Every structure is written in structure tokens, then in C-alpha cells.
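S.K.:
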Amino acid sequence: MNDDPRDTLVARLICALSPVASDEAPGVVPNVPDSAPGLPPARLAAVVAMLVAAPAIVAATPPGVSKGRITALLLPDERRHGGALMVLLDRAGVLVEPRSEALRWREPRPFRSADTGWIIQQVQAAARENR
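The opening residue of the sequence shown carries number 0 in numbering that gives the first Met the number 0; numbering runs sequentially from there.
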């Protein structure tokens, strides 16, 4: 077991930087399970509420949700759900449609509404459909 703190720093940097560069081909759904992320419904609602208000999403340039931005805001043990959350937000219809299908998974997409309750409701409904 290597307890070198530099390894942890390197791992954090890789995690923080990896969502910026996408390996996905244009128009290809990210490689995530075809189901809702493994978060309990209450935690899913809390995460969605956090995303709606997060300055890293609403005040970013350009504003919007991306897998990398979601992942950066999640707890370390939840970060593996970043891609699944992005897919779920897309399926729930709460994000503005991309300028083109090729950009669906490659650029940040703003929420269609600022109504947190509506967004949570739509996401939870989409999550139930995918279980």
C-alpha cells in the first residue's frame, strides 16, 4: 500500500481534468449503465437541487451542466455516478437541447427552468422509468 500523499493529489488532478477532455465520439451516449445512478431518491433530489443552484454550473462560462461539472460537485464516493446523472438529466428533458446532436455530450447545457421542484420531479420520474 502506497501512502504517498502525492498519489492522492495526482488522482484528484486526473479526476478533475479528465472530464474536460472527452473520449466520446460525437453523438454517442457516454459509457454509463442504462439505468438511474445508484443514489437513493432523497440523495438524488439533493444532488439535483445542488446542481440547479451551483455557481460552477449557473455562473460558469458557458453556463450549463456537463459530466465534468457534475462529477466535480459530487462527494468522492459518488463521482462514479457523474456520467449516469448527466444521461438521466438529458432523459428527463430538463436540459436545453444542444445546438446539434454531435454536441449533446460535449458541451455544457443549461437547465430549461429555474424551478428546482419541477426539475427534481422530472429527474425522479425518469429515474423510476429506468429502473
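Think of the CB as a built atom: it goes at the ideal place given N, C-alpha and C, for glycine as much as any other residue. Since the structure is predicted, the reported quantities are computational estimates derived from the model, not experimental observations.
So which of VAL47, ALA126, ARG42 has the shortest CA-CA distance to SER65?
M.R.: Of VAL47, ALA126, ARG42, the residue nearest in Cα terms is VAL47.
S.K.: Grouping DSSP H, G and I as helix and E and B as strand, with all else coil, what is ARG108?
M.R.: Of the three classes helix, strand and coil, the one that applies to ARG108 here is strand, per DSSP.
S.K.: Determine the extent of the alpha helix (DSSP H) in which PRO40 is found, giving its start and end residues.
M.R.: Here the alpha helix (DSSP H) through PRO40 covers 40-52.
S.K.: Is it buried or exposed, ARG79, if we count other Cβ atoms within 10 angstroms and call 16 or more buried?
M.R.: Result: exposed.
S.K.: Using 8 Å as the threshold, is the segment 56-74 in touch with the segment 101-114, meaning 3 or more CB pairs across them?
M.R.: Contact holds: three or more Cβ-Cβ distances are below 8 Å.
S.K.: Please classify VAL86: does DSSP put it in a helix, a strand, or coil?
M.R.: DSSP places VAL86 in helix when its eight states are reduced to three.
S.K.: Please name the residue in ALA41, ALA45, THR70 whose C-alpha comes closest to that of ALA168.
M.R.: In the structure displayed, the chain extends from 0 to 130; residue 168 sits before or after that span and is not available.
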